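In the numbering used here, the protein residues as written are 4 to 214.
As structure tokens, this is what we get:
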């Protein structure tokens, strides 16, 4: 019996692992099937790790299918950004009281970076911070304790603070092939029938599959 994509905890023997799609309530967090968050301190509280997410800004966090996200993830959204073109970056206006009359920036004056997007089949290690507007490509790997401030291309391994690409996982020809293949969009039966090709270190197997 295959894991049920609409269950919060797909494997009762691993209570630290949950399918994110089934626990988020914010409509601006969009997550694909089978993407999980693993955290022994409450994986079902994934949404607490998406901070500065204010409705008036309207940005989205979009995460693809079959992603593996380790504990300690922090997605910082655009609401964390302060206006930087004035003398002070301090937001006097949000403190209330007599300070409530201070000049508040309009949305167009804020340094907004757009939606944050994580592709499909992305592995994110422990204690990673993703800054606003970053795009992480399909098949990328983000090393533990990284701070992702810039886009990461597909099928690259990136680590550090600031996070930088250290190498590609495969050659360009295979990367292009995989991006065209989009195995994560296959019917689940086809994925199951090709577990060996998807998981084996023998990269020749993936090319033998009928698209």
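Beta carbons: idealized from backbone N, C-alpha and C, even for Gly. Small disclaimer: the values here were computed from a predicted structure and weren't measured.
Quick check on the burial criterion: 16 or more other C-beta atoms within 10 angstroms. Buried or exposed for residue 90?
Under this definition residue 90 is an exposed residue.
Counting beta carbon pairs with one atom in the stretch 197-210 and one in the stretch 66-85, are three or more of them shorter than 8 Å?
no
Measure the Cβ-Cβ separation of residue 66 and residue 17 and say whether it is below 8 Å.
Result no, Cβ atoms of residue 66 and residue 17 do not sit closer than 8 Å.
Assuming contact is defined by CB atoms lying nearer than 8 Å, are residue 151 and residue 139 in contact in what I supplied?
It is a contact, given that the beta carbons lie within the stated cut-off.
Given residue 9, which residues of its chain have a CB within under 7 Å of its CB, disregarding the five upstream and five downstream residues?
Here the set comprises 25.
Could you tell me the distance, in whole angstroms, from the CA atom of residue 160 to the CA atom of residue 146?
7 Å
Out of curiosity, what's the CA-to-CA distance linking residue 71 and residue 87?
35 Å
Exposed or buried, what is residue 30 when buried is set at 16 or more other beta-carbons lying within 10 Å of its beta-carbon?
exposed
Counting along the chain, where does the beta strand (DSSP E) carrying residue 160 start and finish?
Residue 160 -> beta strand (DSSP E) spans 159-162.
Hey, residue 129 and residue 46: beta-carbon distance below 8 Å or not?
no
Provide the residue span of the beta strand (DSSP E) that contains residue 71, from first to last.
71-73
Residue 165 vs residue 178 beta-carbon contact at 8 Å:
Against a cut-off of 8 Å, the Cβ pair of residue 178 and residue 165 comes out as no contact.
Taking the alpha helix (DSSP H) that residue 96 belongs to, which residues open and close that run?
No alpha helix (DSSP H) contains residue 96, which DSSP labels as neither H nor E.
By the three-class DSSP mapping on this structure, what secondary structure does residue 39 have?
If DSSP states are grouped into helix, strand and coil, residue 39 belongs with the strands.
Under the rule that 16 or more other beta-carbon atoms within 10 Å means buried, what is residue 102, buried or exposed?
Exposed: under 16 other Cβ atoms inside 10 Å.
Going by beta carbon distance, what residues of the same chain come within less than 8 Å of residue 61, once the five residues before and after it are set aside?
Taken in chain order, the residues that qualify are 31.
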